[in-house]
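Taking mature numbering (1 follows the signal peptide of the UniProt record, and there is no 0), I'd label the letters of the sequence shown as residues -23 to -1, 1 to 59.
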Amino acid sequence: MARYISLKVAALALAVSGGPALAVDKAQVAPRGVADWLQRLSQERIVPAYCCKVCRKGKACGDSCISRAYNCRKPPGCACDG
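Listed below in structure tokens is the structure:
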């Protein structure tokens, strides 16, 4: 019974991964995955967890909205473009 269950688990893992589990070299995947993650993390801008104001006509600037024609000179705040 245990062998039957382990075979089903192995078949499920094979189906989910899209191929044999041994075909992937873990030594090459982990460093590249971490490097990709760190690169994406450094490129992403900080987005607040909530928006204190949603700017529909203008654009977000700090904690408020300004005209799209103006340049924002405030640090990132909680206002969001909508």
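Where is the CB? At the ideal position from N, CA and C, for every residue including glycine.
{"Query": "Span of the beta strand (DSSP E), counted from its first residue to its last, around ALA56", "Result": "56 to 58"}
{"Query": "CA nearest to the CA of TYR47, picked from ASP40, LYS36, GLN16, GLY54", "Result": "LYS36"}
{"Query": "ALA12 in three-state terms, based on DSSP", "Result": "helix"}
{"Query": "Straight-line Cα distance separating GLY10 from CYS57", "Result": "31 Å"}
{"Query": "Alpha-carbon spacing of LEU(-2) relative to GLN16, whole angstroms", "Result": "Per-residue confidence for LEU(-2) stands at a pLDDT of 45, beneath the threshold of 50, marking its modelled position as unreliable; the derived number appears in the next sentence. Computed Cα separation, rounded: 28 Å."}
{"Query": "Whether SER41 touches LYS34 by CB criterion (9 Å)", "Result": "no"}
{"Query": "Limits of the beta strand (DSSP E) - the one that ALA37 falls within", "Result": "36 to 38"}
{"Query": "Helix, strand or coil at ASP2 according to DSSP, with G and I counted as helix", "Result": "Since pLDDT at ASP2 reaches only 48, below the 50 mark, its modelled position is unreliable, and the value read off the structure follows with that caveat. In this structure, ASP2 counts as coil in the three-state DSSP scheme."}
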